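Residue numbers (this note's numbering): 244 to 515.
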Amino acid sequence: MQTPPRVLTIAGSDSGGGAGIQADLKTMLALGTHGMSVVTAVTAQNSLGVQGAWELPAEAVRAQFRSVVDDIGTQAVKTGMLSSPELVETVAGLLAELDVPVVVDPVGVSKHGDALLAATALDAVRTKLLPTATVATPNLDEVAQLTGIRVQEEAGMRRAADAILGFGPRWALIKGGHLPTDPGDAGGSAVDLLTDGSEEHWLRAPRHDNRHTHGTGCTLAGAVAARLAHGDTVPQAVAAAKDYVTGALAAGFRLGAGIGPVDHGWRLRGDG
């Protein structure tokens, strides 16, 4: 029996199952890897928002990491919600020990606008966490939090990428899904920019008229990590992840009274 590639997610728990650790593990399973987890925080969360969040002690985060890595090992890591300077610094120190691809999703705000990263932690993200990243995957709100740059149009994504790369990740994936549709783009594409400062990859996909998009960012970063664990190059991994997320967005479904999740299992049901 062959062991699948192993991927570790270090993130918060979403009790509603659409984002965070739950989204990561579903994504990793869907993409043929064995997902493992280090829980950094527990949230009370549903389709309407985050009703509460409780950060785990750094000691608990460190113990989970050691339990998994020292026995099972991992071929890629993805980080998500790290709400405090202490957790950011703890995780960055642990990641510095590894020689595997690391995908950093610098989670700042939930889909519903709830703050998931303390303002005091931003400097630690810039100086400690981002330098460990093979790929950093900020959305435009997170770019603004980290750099002060507010991207209003496609052309501004290059400046955003340069600013993120200045913090030390090898690649920056600037997610442009929140940009207004370019008037010259008849297809209404959602565009992301992947760059390492020398080569650029513009990734476009159709926008879907579906409000059920909870977990999109977690899912994309988890998919990149899964594909890197399979041995893809960064551009290959990001292109495959974008394709997977586009299908998951198209199939996003209603859950509760608010914003439902993307459908992590769309391929498993023979939809693509």
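Glycine included, C-beta positions come from ideal geometry on N, C-alpha and C.
Keep in mind the model is a prediction, meaning the values are calculated, not measured.
For Gln294, the enclosing beta strand (DSSP E) stretches over residues Gly292 to Glu298. The C-beta distance from Gly261 to Pro504 rounds to 3 Å, short enough to fall under 8 Å.
For a cut-off of 8 Å, the C-beta gap from Pro381 to Pro349 is around 5 Å, short enough to register as a contact. Boundaries of the alpha helix (DSSP H) around Asp314: Ala301 to Asp314. Between Gly495 and Thr456 the beta-carbon gap is near 6 Å, inside 8 Å, which marks them as a contact. By the neighbour-count criterion, in which a residue is buried when 16 or more other Cβ atoms sit within 10 angstroms of its Cβ, Ser256 is buried. With respect to Gln388, Leu365 sits close: the two C-beta atoms are nearer than 9 Å. Scanning Leu373, Ile417, Gly440 and Ala472 for the CA closest to the CA of Pro248 turns up Ala472. With respect to the C-alpha of Val304, the residue from Gly292, Gly295, Ser327 and Gln288 having the closest C-alpha is Ser327. In the three-state DSSP reduction, Ala415 falls in the strand class (E or B).
Burial of Glu298 is indicated by the presence of at least 16 other C-beta atoms within 10 angstroms of its C-beta. Judged by DSSP in its simplified three-state form, Leu274 adopts coil rather than helix or strand. Exclusion of the five residues before and after Ile264 leaves Thr252, Ala254, Gly255, Ser256, Asp257, Ser280, Val282 and Gly323 as the residues of its chain whose Cβ lies within less than 8 Å of its Cβ. The shortest C-alpha to C-alpha distance from Asn453 to any of Leu408, Ala483, Val386 and Ala491 is the one to Ala491. With a cutoff of 9 Å on beta-carbon distance, Ala301 and Glu340 are scored as not near each other.
For Asp435, the enclosing beta strand (DSSP E) begins and ends at Ser432 to Thr438. For the pair Leu446 and Thr377, the Cα-to-Cα distance works out to about 18 Å. Inter-residue distance for Ser441 and Gln307 is about 37 Å (C-alpha atoms, whole angstroms).
Gln245 counts as exposed, since fewer than 16 other beta carbons sit within 10 angstroms of its beta carbon.
If you draw a straight line from the Cα of Leu291 to the Cα of Gly259, it comes to about 10 Å. Bridge pairing for Gln318: absent [DSSP]. Bounds of the alpha helix (DSSP H) holding Asp486 are Val477 to Ala493. Taking Ile417 as the centre and dropping the five residues before and after it, the same chain places the C-beta of Met400, Ala403, Ala404 and Leu436 closer than 6 Å to its C-beta, in chain order.
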